[in-house]
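Okay, so here's the structure we're looking at.
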Amino acid sequence: MTKPGFKEVDFGTSPKHHVDTPPHSPEKTTHPKSFPMHHKKTPSSGKGHSRQESRGNKKNSLGDNLTIPISPSSHNTIEVPALRSPDADTTQFMHHLSASPSTKERRVSRNSFGASLPIPRSKRQSRLSSVTYPADAHKAGRPGTISPPREFLTSQVQDVLVHKVKAAKNMAFAFDIDGVLVHGDRLIPQGKRTLQMLNGDNELGIKIPHIFLTNGSGKPELARTEQLSKILQNPISTDQFIQSHTPMRALAEYYETVLVVGGEGYRCRDVAEEYGFKNIVVPNDIVAWDPSIAPYRVFTDEERASSRPRDFSQVNIDAILVFSDSRDYATDMQIIMDLLRSEDGRLGTTAKDPVSQRIPIYFSQGDLLCPTEHPTPRMSQGAFRIGLEAMYKALTGVELERVVYGKPELATYKYADEVMASWMDELHGEERVPQNIYMIGDNPASDIVGGNMYGWNTCLVRTGVFQGGDNDEENPANFGVFPNVWDAVTAACRKELGDDFGFRWDERIVNPLMHDSQAASAIEV
Ligand code: G3P
Ligand code: MG
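Structure (structure tokens):
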């Protein structure tokens, strides 16, 4: 079977480092915008000029000219062509389910924007930027960090072992988190040691670049890095950290009023606020306004007091953003379905045309399953999405078009490159993407297929979703399968830095006070 792969053209510019070149042409950015007021801006379709033109000429039921804007007015986002089809995944299961089997020809929806995923142009998450250290870091020195005297010693070693230093700066790791470094809140033991080694506990005393690329979600980046830092007992910066919804901050430039779904309590509202969304609605706000909308929901006084109800019969919601796993499928699915079937996102209305009046829906990731503390993986956002797609098809007779971010989507890997280059600048003062990148993942269907298509080396570990034989048959890891993250990372380091590379910092080799001739002879000249 021929597997899809990213081509140069997909990136809009060189895959080596493509920070500064917008993928859209100048004429696209000056495309006229005459969208209804509540639809602020809309990511462009990437399916070809003719589709854009036909959408641009459509009229909606209100008679507005529905010219589709192609890109936001500012230049803080990059629109990346979608890898995944914008169409529902449920077609194959649907022949008995549709209440009104569609005889309508498939029409072009003004909201079917699945061909383009905006990501932030700026590399630094400036407002979020922070490095967090484990709480007891002061006791034994911050793991992986370098005290001034040690800095002097490492520079001595690095001055001698210049070839290894060059190779260490020309490699990098992208770590999946769940199933590779942790299971939920539980540490996978090899994760701690691996990060200590990459943070400087190695023969060069050098920081080997690494970022975290997770389909996890549901918390502001700083809160999650603080939590992970404690579990892994290593410093983790928000500048080296990408959750599934992190690139979705770019959507704040396109939509004014959004329904944000998923996560515990109001954390995803906090996430959306940090991303710059101006008018954020969560399902609890809607239930507080009209409890009858969710007949099976037991709504507590505390939830009512903490929600922000308003008269939603007067509000148009511009887009639905599923940021994280739903904590209440019944309520969330009901509200999402009501909005998808409404006229332009106004609750209490029913669209005359389910396609052209439908607001867009975005999911932060598409994993069906997620490893947790439970013995077998649990259902994740992908399962929730497929349920919604099936319901939507059964109720309307048409397919639900949607956009899915996260691994293995091209936009997420492209954003990872931006973060990687920025992190290289932070660590080594060189803003570039290292040549030899290793993705360490446990899920062949997201981590590995995405890494393979992006041209990275891929390592599959056996501590998470993958429980198969020699390698995954559908999406084999190209660098191999390893029992755990330590084995994968040390194998990659041996390949790039030599079989003799030392996975401990040993200052006796250079410290003049502890110097001995035997150790000195170990230094390669
Ligand atoms: O699938 C849900 C999510 O928790 C997976 O996270 O780190 O394995 O990409 P990760
Ligand atoms: Mg994983």
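Numbering (full-length UniProt numbering), first residue to last: 1 to 525. We treat Cβ as the ideally placed atom computed from N, Cα and C, and that holds for glycine.
For this session: Can you grab the Cα-Cα spacing for the pair Ile293 / Met379, in whole Å?
Result: 25 Å
Exercise. If we call anything under 9 Å between Cβ atoms a contact, is Pro118 one with Ala394?
Worked result: no
Problem set entry | C-alpha distance - Asn484 paired with Leu228, whole-angstrom precision | 18 Å
Problem set entry | Spatial neighbours of Ala272 in its chain, beta-carbon cut-off 6 Å, leaving aside the 5 residues before and after | Val260 and Ile280
Exercise. Which same chain residues, not among the five before or five after residue 553, have their C-beta less than 7 Å away from its C-beta?
Worked result: The first residue shown for the chain is 1 and the last is 525, placing residue 553 beyond what the model contains.
Exercise. Which word fits Glu389, buried or exposed, when buried means at least 16 other C-beta atoms lie within 10 angstroms of its C-beta?
Worked result: buried
Exercise. Is Val180 helix, strand or coil by DSSP?
Worked result: coil
Problem set entry | Span separating the alpha-carbon of Glu473 from that of Ser155 | 45 Å
Problem set entry | Same chain only: Cβ atoms within 7 Å of Ala488, ignoring 5 sequence neighbours per side | Ile440, Cys459, Val461 and Phe482
Exercise. Quick one: complete alpha helix (DSSP H) runs, 4+ long, within the region 375-433?
Worked result: 381-396 and 410-428
Exercise. Is residue 539 helix, strand or coil by DSSP?
Worked result: Because the chain spans 1 through 525 in this model, residue 539 falls outside it and cannot be assessed.
Exercise. Whose C-beta lies closer than 6 Å to the C-beta of Leu400 among residues of the same chain, with five residues either side of it excluded?
Worked result: Ala88, Glu389 and Tyr392
Exercise. Whose C-beta lies closer than 6 Å to the C-beta of residue 609 among residues of the same chain, with five residues either side of it excluded?
Worked result: Lying outside 1 to 525, the shown extent of the chain, residue 609 is not represented and no answer is given.
Exercise. Sorted by chain position, which residues of the same chain lie with C-beta nearer than 7 Å to Leu187's C-beta, five sequence neighbours on each side aside?
Worked result: Ile231 and Leu232
Problem set entry | Contacting residues, own chain, Cβ-Cβ under 6 Å from His428 (five flanking each side not counted) | Lys169
Exercise. For the putative contact between Trp456 and Thr194, defined by C-beta atoms under 8 Å, what is the C-beta separation to the nearest angstrom?
Worked result: Rounded, the Cβ-Cβ distance is 18 Å, inconsistent with contact.
Exercise. In chain order, what residues of the same chain have a beta carbon less than 6 Å from the beta carbon of Tyr296, not counting five sequence neighbours either side?
Worked result: Ala330
Exercise. Skipping 5 residues on each side, what residues in its chain have a beta carbon closer than 8 Å to that of Val182?
Worked result: Ile188, Gly191, Leu228, Ile231 and Leu232
For this session: Indicate the three-state DSSP secondary structure (helix, strand or coil) for Asp506 in the structure shown.
Result: coil
For this session: Evaluate the contact criterion for the region 239-251 versus the region 356-375: three or more CB pairs, one atom per stretch, below 8 Å.
Result: yes
For this session: Go ahead and label Ser85 buried or exposed: buried means 16 or more other beta carbons lie within 10 angstroms of its beta carbon, across all protein chains shown.
Result: exposed
Exercise. Would you say Pro371 touches the ligand MG, meaning its beta carbon is less than 8 Å from a heavy atom?
Worked result: yes
For this session: Tell me whether Asp472 counts as near the ligand G3P, meaning its Cβ is closer than 8 Å to at least one heavy atom of that ligand.
Result: no
For this session: Kindly give me the distance between the Cβ atoms of Phe323 and Ser422, rounded to whole angstroms, as I take these residues to be in contact under 8 Å.
Result: No, Phe323 and Ser422 are not in contact; Cβ-Cβ is about 23 Å, not under 8 Å.
Exercise. If you check the beta carbons only, do Thr396 and Pro360 fall under 9 Å apart?
Worked result: no
Exercise. What residue does the beta strand (DSSP E) around Met171 start on, and which one ends it?
Worked result: Met171 to Phe175
Exercise. Which residues in the same chain have their Cβ closer than 8 Å to the Cβ of Val258, if we skip the five residues on either side of it in sequence?
Worked result: Leu251, Ala272, Phe277, Asn279, Ile280, Val281, Ile317, Asp318, Ala319, Ile320 and Leu321
For this session: Run the proximity test for Ser217: is its beta-carbon closer than 8 Å to any non-hydrogen atom belonging to the ligand G3P?
Result: yes
Exercise. Going by DSSP, what residues sit across from Pro118 in a beta bridge?
Worked result: Glu79
Exercise. Looking at the C-beta of Pro476, does it have a partner C-beta in chain D at a distance below 9 Å?
Worked result: Of the chains in the structure shown, none is chain D; there is only one protein chain.
Exercise. Any heavy atom of the ligand G3P closer than 8 Å to the CB of Ser380?
Worked result: yes
Exercise. Which of helix, strand or coil does DSSP assign to Leu259?
Worked result: strand
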